[in-house]
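These notes are about the structure you will find just below.
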Amino acid sequence: MNKVVKGADVAVQDIPSGATIMLGGFGLCGIPENCIAALVRTGVDNLTCISNNAGVDDFGIGLLLQQKQVKKMISSYVGENAEFERQLLSGELEVELIPQGTLATRCMATGYGMPAVYLLAGVGTEVAEGKETRTFNGREYLLEHAFDSDFAIVKAWKGDTQGNLIFKDTARNFNPMMAMAGKITIAEVEELVPAGELDPNYIHVPGIYVHRIFQGQNYEKRIEQRTVRKA
Amino acid sequence: MALNKEQIAQRIARELEDGFYVNLGIGIPTLVANYIPEGVDVVLQSENGLLGMGPFPIEGEEDADLINAGKQTITTIPGSVFFDSAMSFGMIRAGKVDLTVLGAMEVADNGDIANWKIPNKMVKGMGGAMDLVAAAKNIIVAMQHTNKKGESKLLPKCTLPLTGIGCVKKVVSDLGVFDVTPDGFVCIEYAPGVTIEEIKAKTAGRLTISPDVKEIEL
Chain A
1454 MNKVVKGADV AVQDIPSGAT IMLGGFGLCG IPENCIAALV RTGVDNLTCI SNNAGVDDFG
1514 IGLLLQQKQV KKMISSYVGE NAEFERQLLS GELEVELIPQ GTLATRCMAT GYGMPAVYLL
1574 AGVGTEVAEG KETRTFNGRE YLLEHAFDSD FAIVKAWKGD TQGNLIFKDT ARNFNPMMAM
1634 AGKITIAEVE ELVPAGELDP NYIHVPGIYV HRIFQGQNYE KRIEQRTVRK A
Chain B
8 MALNKEQIAQ RIARELEDGF YVNLGIGIPT LVANYIPEGV DVVLQSENGL LGMGPFPIEG
68 EEDADLINAG KQTITTIPGS VFFDSAMSFG MIRAGKVDLT VLGAMEVADN GDIANWKIPN
128 KMVKGMGGAM DLVAAAKNII VAMQHTNKKG ESKLLPKCTL PLTGIGCVKK VVSDLGVFDV
188 TPDGFVCIEY APGVTIEEIK AKTAGRLTIS PDVKEIEL
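Sequence lines, in order, name chains A and B. For this note's numbering, add 1453 to where a residue sits in the first sequence, where the first one is 1. For this note's numbering, add 7 to where a residue sits in the second sequence, where the first one is 1.
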C-alpha cells in the first residue's frame, strides 16, 4: 500500500481547471506550501478553494490569487490580502464566508460520512438565510451540509509510506479534517518515513484517508505576526 | 477619567474564576491575560487548536507552527494540549469553555452583538466569532462605549449585521460595567470620574442604574 509520489508536481498533475480543492492551514500556519507552488506552475484556473483563510499577497493561497487561478473562496476570514480585496470588489472573485467552527465541522462531517449536521453558529444572522432549521431542546439550529470536494491538500509534520499522518503544534488546525474530506487527498510532509516507524498510538490521520504523500522541500514557514518578549 | 484599554482588560480579569477555561478574542480581550489575579488558575483556549496558551516566546524562540487565533507567535505551558479545529469548536459548542471575552462594534440591550461586518466596507469574515457567541455560556464584551462620532454603541437594536442573538451577558466599556438583563442594560459600576448622567447620555439602549452602583475598583 505505497502512497508515495515523487513530489508536488506529480501529486497535483491531474487537478483540472474548475476543480474544488480543500487546502489545510490556519493563516500561514500549516499550509501546503509545495503543492500551492506546484498549482501555480500548472496554471489551472477557475478553482474553488475551501480554506479557512486566503493567504497574504505573496504567500499561501495569495500566490494562486495573483495568477487569477481562483474563481471562488470558501473561508471564514480573508482580510490579509490586497489583491484578494481588489478581485472581490471588481467582481472577478466570488467569496462565501462561513463561521470557522461550521467550516471545520462540515469538513469533519464529510470525512465521517455524514451528509449534514445541525449547528448553532449563525442563527438569527445573515448566515442563516435560506437554510433549513430545526429546534432541539428549545433552541434553533441550522442544517449545514458536508462538502463535496474533488481534492484535499494538506500539510503534515511526519508521514509514512502508507499515508499515516502526524501534525505538529497548531499547524494541525484544519489539516486532519480536510485530509479526511477529499475524494482524493494529497499530503505533503516535512519528514517521510517507512511504514512502521511511526508509533501507531500517535497517528492523527490514518492513511486510509490519504491517497498520495511526498516529502516536501524548502519550507519557508512564514510567520504572519511575530510577537516576542524580552528574555 | 474613562478607562483606557488596559484598565478595561484589568476590570474584566476580575471576572475570572479559579478553574475557568477562557477564550480571549483579539484586541482588548487579549490584554486580559496580563491581569489574571493571583491564585486564580485559568486555562486559555485558542480556537485554532490549543488549550494552555502561554506568553509570547522569548526573542529567537518563535516557532511558525505555534500561533494563536490572532496569528501571533506564542508558547505552551505545562499541561498544554493541541487539537484540530473541529475538536476546538466542538468543545466550544458543547459548553466546555466557561467564559468568552470579545470585542464588539455594537451591543443591543437584549444581548444581540454585531462585530464582523460593516456594509459597503471590505468584509473580512466572521472567523470564529459566530461559533463562540452562539455557544459560550458566558460572554463578556470589551468595547468603547461610543464610536468616533461620539454615538452610543450600546443600542436598543443593532444596526450592523448580527454576529449572534441574545448572547451577551456583560459589557465592560470605558465608562462602566453593565449587566445585560431582560430589562436591558443595568449599570453596576462606573469608571472613576465618570458621572451617571454621562453614562445615561451616552447609552441609547434601555438602561437602568443598579441601586448598588459603585465606582470600578482596579
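Every residue, glycine too, gets a C-beta built ideally from N, C-alpha and C.
Checklist entry - Is there a Cβ from chain A that is less than 8 Å from the Cβ of Ala198 of chain B? => result It does not; no Cβ of chain A falls within 8 Å.
Next on the checklist: Please report the straight-line C-alpha distance between Gln52 of chain B and Gly1669 of chain A, rounded to a whole angstrom.
Outcome noted: Here the C-alpha atom of Gln52 of chain B lies approximately 31 Å from the C-alpha atom of Gly1669 of chain A.
Checklist entry - Which residues of chain A have a Cβ atom closer than 9 Å to the Cβ of Leu214 of chain B, listed in chain order? => result Those within 9 Å of Leu214 of chain B in chain A number zero; the least Cβ separation is about 23 Å.
Next on the checklist: Below 8 Å, how does it come out for the segment 1631-1641 of chain A and the segment 8-20 of chain B: are there three or more Cβ pairs, yes or no?
Outcome noted: no
Checklist entry - Starting from Glu1486 of chain A and walking both ways along the alpha helix (DSSP H), at which residues does that stretch end? => result Counting along the chain, Glu1486 of chain A sits inside the alpha helix (DSSP H) bounded by residues Glu1486 to Thr1495.
Item to check | Environment of Ala143 of chain B [buried if 16+ CB atoms lie within 10 Å] | outcome: Ala143 of chain B comes out buried.
Checklist entry - Which residue's Cα is closest to the Cα of Ile120 of chain B: B:Ala111, B:Leu139, B:Gly46 and B:Glu22? => result B:Ala111
Next on the checklist: Taking a contact to mean a Cβ-Cβ separation below 8 Å, would you say Leu3 of chain B touches Thr1623 of chain A in this structure?
Outcome noted: Since the first residue of chain B shown is 8 and the last is 225, residue 3 of chain B is not available in this structure.
Item to check | Beta-carbon gap between Val1658 of chain A and Ala1632 of chain A smaller than 8 Å | outcome: yes
Next on the checklist: Distance cutoff 8 Å, beta carbons only. Does Gln52 of chain B sit that close to anything in chain A?
Outcome noted: So, not an interface residue.
Next on the checklist: Quick check on the burial criterion: 16 or more other C-beta atoms within 10 angstroms. Buried or exposed for Lys1611 of chain A?
Outcome noted: Looking at its Cβ environment, which holds 16 or more other Cβ atoms inside 10 Å, Lys1611 of chain A is buried.
Checklist entry - Under a CB-based cut-off of 8 Å, is Glu113 of chain B close to chain A? => result no
Item to check | Candidates B:Ile146, B:Asp181 and B:Thr82: closest to Asn154 of chain B by CA position | outcome: B:Asp181
Next on the checklist: On a Cα-Cα basis, can you pick out the residue from A:Gln1540, A:Ser1529, A:Asn1534 and A:Ile1527 that is closest to Lys1521 of chain A?
Outcome noted: A:Gln1540
Item to check | For Ile1474 of chain A, the residue or residues it bridges with in DSSP | outcome: A:Cys1502 and A:Phe1604
Checklist entry - Going along chain B, which residues have a C-beta under 8 Å from Ala1557 of chain A? => result Asp91, Ser92, Ala93, Ser95 and Phe96
Next on the checklist: Would the segment 1525-1542 of chain A count as touching the segment 1501-1511 of chain A if we require 3 or more Cβ pairs under 8 Å?
Outcome noted: yes
Next on the checklist: Applying the 10 Å Cβ sphere with the 16-neighbour rule, what's the burial state of Lys1456 of chain A?
Outcome noted: buried
Next on the checklist: Relative to the C-alpha of Leu1546 of chain A, which candidate in A:Asn1590, A:Phe1512, A:Ala1557 and A:Leu1500 has its C-alpha closest?
Outcome noted: Across the set A:Asn1590, A:Phe1512, A:Ala1557 and A:Leu1500, the C-alpha of A:Leu1500 shows the shortest separation from the C-alpha of Leu1546 of chain A.
Checklist entry - In chain order, what residues of the segment 1615-1626 of chain A put their CB closer than 7 Å to some CB of chain B? => result Lys1621, Asp1622, Thr1623, Ala1624, Arg1625 and Asn1626
Checklist entry - Within the 8 Å Cβ cut-off, does Ala9 of chain B reach chain A? => result For Ala9 of chain B, no CB of chain A lies under 8 Å from its own CB, so it is not counted at the interface with that chain.
Checklist entry - Between the Cα of His1664 of chain A and the Cα atoms of A:Arg1587, A:Phe1627, A:Asp1613 and A:Gly1649, which residue gives the shortest distance? => result A:Asp1613
Checklist entry - If you draw a straight line from the C-alpha of Leu167 of chain B to the C-alpha of Glu1597 of chain A, how long is it? => result 24 Å
Next on the checklist: Could you check whether the Cβ of Lys12 of chain B sits closer than 8 Å to any Cβ belonging to chain A?
Outcome noted: no
Checklist entry - Is Val178 of chain B close to chain A, meaning its C-beta is less than 8 Å from at least one C-beta of that chain? => result no
Checklist entry - If Leu1618 of chain A and Ala1609 of chain A are in contact, beta carbons under 8 Å, what's the gap, nearest whole angstrom? => result With 8 Å as the limit, Leu1618 of chain A and Ala1609 of chain A qualify as a contact, their Cβ atoms being about 4 Å apart.
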